[in-house]
Amino acid sequence: MEQWRNLIHINRNFQKAVNLQLDIGDHGRIEHYIPTRSSMLILRRYLKAVTGEAKEHATVLIGPYGKGKSHLLLVLLSILSCDLPQSVFEKIKITDPETADLVTQIRKENKKYLPVLVSSVPGFSMNQILLFALREALEKNGLSDIAPETAFTEALRILEKWEKEYSDVYARFCEYLTEHQTDVQDLKKNLKRKHKQSLELFKELYPMLTAGSTFMPLMQSETIRSYQQIIRSLTEECGYEGIFIIFDEFSKYIEGHEKSGFAEDMKTLQDMCELADSRKEEQMYLTFVAHKSIHEYVKSIDSEMIQAFRGVEGRLKEIRFVVSSQNNYELIEHALHKKEGFYTSEIQERAEASYQLACFSHLFEKEDFNQIVAKGCYPLTPVCAYALLNISEKIGQNERTVFTFLA
Numbered sequence: 002m003e004q005w006r007n008l009i010h011i012n013r014n015f016q017k018a019v020n021l022q023l024d025i026g027d028h029g030r031i032e033h034y035i036p037t038r039s040s041m042l043i044l045r046r047y048l049k050a051v052t053g054e055a056k057e058h059a060t061v062l063i064g065p066y067g068k069g070k071s072h073l074l075l076v077l078l079s080i081l082s083c084d085l086p087q088s089v090f091e092k093i094k095i096t097d098p099e100t101a102d103l104v105t106q107i108r109k110e111n112k113k114y115l116p117v118l119v120s121s122v123p124g125f126s127m128n129q130i131l132l133f134a135l136r137e138a139l140e141k142n143g144l145s146d147i148a149p150e151t152a153f154t155e156a157l158r159i160l161e162k163w164e165k166e167y168s169d170v171y172a173r174f175c176e177y178l179t180e181h182q183t184d185v186q187d188l189k190k191n192l193k194r195k196h197k198q199s200l201e202l203f204k205e206l207y208p209m210l211t212a213g214s215t216f217m218p219l220m221q222s223e224t225i226r227s228y229q230q231i232i233r234s235l236t237e238e239c240g241y242e243g244i245f246i247i248f249d250e251f252s253k254y255i256e257g258h259e260k261s262g263f264a265e266d267m268k269t270l271q272d273m274c275e276l277a278d279s280r281k282e283e284q285m286y287l288t289f290v291a292h293k294s295i296h297e298y299v300k301s302i303d304s305e306m307i308q309a310f311r312g313v314e315g316r317l318k319e320i321r322f323v324v325s326s327q328n329n330y331e332l333i334e335h336a337l338h339k340k341e342g343f344y345t346s347e348i349q350e351r352a353e354a355s356y357q358l359a360c361f362s363h364l365f366e367k368e369d370f371n372q373i374v375a376k377g378c379y380p381l382t383p384v385c386a387y388a389l390l391n392i393s394e395k396i397g398q399n400e401r402t403v404f405t406f407l408a
């Protein structure tokens, strides 16, 4: 009999955890996604919100470590960036035609969203974290030249401050303007008129007067106002439908936050949720990723912090990443790639005997059992696959532990 290693190929890509910040836009990582019935239910829910069939703009995706939340969101952002590899679309179409129809609709209507990935930064307030994430998203997508109204007003404010408090700096600035064949009065007038060339000139000269620092108005302005103006610019000038914000590892942010500044940060998040829910023409979606239900965090945080947290909790709709037992067998099936002719009638007969066990007959129809468990999990016998899943659930992160064992 031909050796198993010549018949079976193990897909080792599933061992590596997905990192949204590092893997966004990586077609290789996206192409290794395994659509399952349960994951497609969640993807479909997000896509229905985007197409207007559901009103869920502010959500929290809840699921344990290692279940595939980040990989699912990576595929979602790929769809919303109109950059989904065709091979992944075909897999989605086979697993869930209804979800595939929604992907097709988004493609046809060219509903493109700017992905904004938020992660906690020690020592930064929530305002700073959100503004930093927005600035990073604009830079990564070649949109740095989009100037919110606050950039012009911030430049004018700085000029006024230099004029009143730092006369030597202001004088040097005026000299530099002369070299560029303009003067400060014309520059101020053009900044008030929102002339981008004048703003670019100010940004060019700013480092010469501030020991090389960069003019970053988004880091100094009001969060909500900045997001509103950027969304408007994206929709009016760049062909976007809006933005899709994902706050990954929200659990770690909550659990590691000190009492100081917590109420202010929660107020910012509450305002962002309200902004997402209030958008009509320019769309904004906000998703937090957590490992347990929002209300469970109240057991581990200070009583004063709980009160501040309630405002955010009440504005988020929970989406639970529920992975069925069937889903786990599907994952093994997709991780084991087999050549044609590997499966004999003798193996089929032995596997079918396992269908009499309650753990299989209560879970699968006979046809699904044969395809997903008997053939799909081979060379693992059905009972061996069952044992592997249950042991992995107890000692590790389930799916990732299973893939590591198989590899």
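Going by the working numbering, the sequence shown opens with residue 2, and the numbers climb by one from there.
Where is the CB? At the ideal position from N, CA and C, for every residue including glycine.
From a predicted model like this one, the values you see are computed outputs, not experimental measurements.
Inset, instruction - Indicate whether I373 and F361 have their beta-carbon atoms separated by less than 8 Å. - result: no
Inset, instruction - Would you tell me roughly how many angstroms separate the C-alpha atoms of M2 and F343, rounded to the nearest one? - result: At M2 the pLDDT is 45, less than 50, meaning the model places this residue with poor confidence; the figure from the coordinates comes in the next sentence. Taking the Cα positions, M2 is about 10 Å away from F343.
Inset, instruction - May I have the straight-line CA-CA distance separating I130 from K141, to the nearest angstrom? - result: 16 Å
Inset, instruction - With a threshold of 16 other CB atoms inside 10 Å of the CB of M285, please say whether the residue is buried or exposed. - result: Buried, since its Cβ has 16 or more Cβ neighbours within 10 Å.
Inset, instruction - Check whether the Cβ atoms of V76 and L115 lie closer than 8 Å to each other. - result: no
Legend entry - Test: E161 CB closer than 8 Å to a CB of chain B: Here chain B cannot be found, since the structure has a single protein chain.
Legend entry - Cβ neighbour criterion (16 or more within 10 Å) applied to E155: Per the 10 Å Cβ criterion, buried.
Inset, instruction - Provide the residue span of the alpha helix (DSSP H) that contains Q357, from first to last. - result: That residue, Q357, is in no alpha helix (DSSP H); it is neither H nor E in DSSP.
Inset, instruction - Check each candidate in L178, T382, T183, Q327 and name the one with the smallest Cα separation from S40. - result: Residue Q327 is the option with its Cα nearest to S40.
Inset, instruction - For the alpha helix (DSSP H) containing G257, list its first residue and its last residue. - result: 251 to 257
Legend entry - Residue environment, L358, which counts as buried when at least 16 other CB atoms sit within 10 Å: Result: exposed.
Inset, instruction - To the nearest angstrom, report how far apart K112 and G315 are at their CA atoms. - result: 29 Å
Legend entry - Minimum length 3: unbroken beta strand (DSSP E) runs contained in the stretch 183 to 255: Here the runs fully enclosed are 243 to 248.
Legend entry - Residue environment, N7, which counts as buried when at least 16 other CB atoms sit within 10 Å: Classification of N7: exposed, given that the 10 Å Cβ count is below 16.
Legend entry - 6 Å Cβ shell around F289 - same chain, five flanking residues per side excluded: V61, F248, F251
Inset, instruction - Check T382 in the structure and name its three-state DSSP category. - result: coil
Legend entry - Whether L332 touches V384 by CB criterion (8 Å): V384 sits away from L332, with the two beta carbons spaced by 8 Å or more.
Legend entry - Rounded C-alpha distance that separates K318 from M273: 14 Å
Inset, instruction - Confirm the yes/no value for this check: CB of S79, any heavy atom of the ligand COA, distance under 7 Å. - result: With respect to the ligand COA, the structure shown offers nothing to examine, as it has no ligands at all.
Inset, instruction - Look up F125 in the DSSP assignment and say whether it is helix, strand or coil. - result: coil
Legend entry - Through-space distance from P36 to H72, alpha-carbon basis: So the two alpha carbons sit approximately 10 Å from each other.
Legend entry - Residue range of the unbroken beta strand (DSSP E) whose run includes R316: Per DSSP, R316 belongs to no beta strand (DSSP E) and is neither H nor E.
Inset, instruction - Evaluate C239 with the Cβ neighbour count: other Cβ atoms within 10 Å of its Cβ, from every protein chain shown; 16 or more gives buried, anything less gives exposed. - result: With fewer than 16 other Cβ atoms from the protein chains shown falling within 10 Å of its own Cβ, C239 counts as exposed.
Inset, instruction - Go ahead and pull the three-state DSSP assignment for K340. - result: Three-state DSSP puts K340 in coil, outside helix and strand.
Inset, instruction - Thinking Y167 and M209 are a contact (beta carbons under 8 Å), I'd like their distance in whole angstroms, please. - result: That belief does not hold up - the Cβ atoms of Y167 and M209 are roughly 14 Å apart, past 8 Å.
Legend entry - Sheet register partners of F289 (DSSP bridge): V61, F248
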